[in-house]
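Each residue of the sequence shown is one higher than the one before, counting from 354 in the numbering used here.
Beta carbons are placed, not taken as given, at the ideal position from N, Cα and C, and that holds for glycine.
All values derive from a computational prediction rather than experimental measurement.
A short write-up of the structure that comes next.
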Amino acid sequence: MKDIKVYNQLSKEYNQLFLENILSFQTKLKEDGKAGEYYIDFYPSFGIAENEHADFLVYGQAANGWGSGFEIATPIDIDNKLSESILASNKYFEPLNHNPLDFINVQWDMYSYEEYLLKDVGVKDFYKGNYRANRSFFWNVVFKLINDYYGTDRNQSSWSSKLVWSNLYKIAPEDANPSDYEQNIQMEYSIKLLELEIKEVKPKYCIILTNGKWWEPFGKALIQNFPTIQELPSKIHYNEKFDSTKIIVTERPRFGGHKLQDLFVHQILSLIKS
Numbered sequence: 354m355k356d357i358k359v360y361n362q363l364s365k366e367y368n369q370l371f372l373e374n375i376l377s378f379q380t381k382l383k384e385d386g387k388a389g390e391y392y393i394d395f396y397p398s399f400g401i402a403e404n405e406h407a408d409f410l411v412y413g414q415a416a417n418g419w420g421s422g423f424e425i426a427t428p429i430d431i432d433n434k435l436s437e438s439i440l441a442s443n444k445y446f447e448p449l450n451h452n453p454l455d456f457i458n459v460q461w462d463m464y465s466y467e468e469y470l471l472k473d474v475g476v477k478d479f480y481k482g483n484y485r486a487n488r489s490f491f492w493n494v495v496f497k498l499i500n501d502y503y504g505t506d507r508n509q510s511s512w513s514s515k516l517v518w519s520n521l522y523k524i525a526p527e528d529a530n531p532s533d534y535e536q537n538i539q540m541e542y543s544i545k546l547l548e549l550e551i552k553e554v555k556p557k558y559c560i561i562l563t564n565g566k567w568w569e570p571f572g573k574a575l576i577q578n579f580p581t582i583q584e585l586p587s588k589i590h591y592n593e594k595f596d597s598t599k600i601i602v603t604e605r606p607r608f609g610g611h612k613l614q615d616l617f618v619h620q621i622l623s624l625i626k627s
């Protein structure tokens with residue numbers, strides 16, 4: 354792990370705020386008597402290299418089972434915590450010229466994993482775990498959307514180099530979404546972090562696959578006269594503008610086959626092109 358490089362990251366201002374969020378969250382849970390618990394923290398993951406531009410910034414709700422976390426009862430090593438969080442999201446497999454989001458391509462299914470393993474045996478040590486992205490509605494919509502937007506073949510892998518991935522909430526239990534309580538105690542920081550992400554990445558499109566309820570506190574805080582009253586496609590909850598970025602918020606079904614995935618992609622693209 355010592356030799357693994359970081360592909361990209363946000364500003365020092367963002368990094369300081371990210372660390373403050375973790376420390377604040379830990380303090381509040383200690384005060385509420387929840388010292389025995391463990392939480393995941395998620396730093397945005399870059400498919401674009403430094404000085405490259407991403408047209409897309411995509412959001413999920415929160416990360417589960419991620420590679421960076423902390424215990425409420427254990428003092429946080431401030432000197433190393435931020436680096437650990439950035440590395441967990443932005444390490445990359447250099448021998449195959451991968452970016453951090455190529456883990457989706459490599460771990461799409463067992464067949465894909467074995468194909469990459471044939472290219473370089475180091476894949477086995479770098480891409481660990483049994484995660485298979487093809488089961489994820491989120492990633493199915495994202496990879497199809499990016500490819501269709503650029504007019505590229507859905508079977509190619511370069512889509513991962515054209516976006517940044519984040520989550521509305523940066524802290525969550527290890528294997529679940531944050532509860533209302535856990536959302537509320539990080540809400541102020543979560544809004545500030547998301548605002549900085551949009552301002553620093555400057556995407557054309559911010560696609561938020563979370564459902565409207567999850568987005569509403571952010572929309573109310575960041576967008577004047579939220580929500581915009583308009584007629585929207587069936588799977589779209591909000592279509593807004595923040596600075597020069599178009600924000601599209603969709604439903605978030607837990608499951609859905611190719612037909613539903615393609616419907617989401619079609620409706621998002623129809624708003625992008627409108």
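Three-state secondary structure assigned by DSSP to residue i
i    : result
M354 : Bear in mind that a pLDDT of 41 at M354, under 50, signals an unreliable position, so the model cannot answer this.
L370 : helix
E405 : coil
I560 : strand
I582 : coil
W512 : helix
W568 : helix
W518 : strand
S623 : helix
Y469 : helix
K444 : strand
Cβ separation of residue i and residue j, assumed to be a contact under 8 Å, to the nearest whole Å
i    : j    : result
V517 : F595 : Not a contact, Cβ separation roughly 15 Å.
V602 : L410 : Rounded, the Cβ-Cβ distance is 13 Å, inconsistent with contact.
E550 : S519 : 6 Å
Candidates the options, of which the one nearest residue i by Cα
i    : options                   : result
R485 : Q583, Y360, K588 and G418 : G418
T427 : E447, Y367 and Y392       : Y392
Y558 : S436, Q379, I621 and Q583 : I621
P531 : A416, I357 and N404       : A416
S436 : P570, G565, L585 and N361 : N361
V474 : S442, N487, V459 and N483 : V459
P526 : N368, L382, L363 and L370 : L382
Beta-bridge pairing of residue i - partner residues as DSSP gives them
i    : result
A525 : I393
T603 : I589
S398 : W518
T598 : F595
G422 : I393
(message) With three or more C-beta pairs closer than 8 Å as the rule, is the segment 526-539 touching the segment 462-482?
(response) At 8 Å Cβ cutoff, the stretches do not touch.
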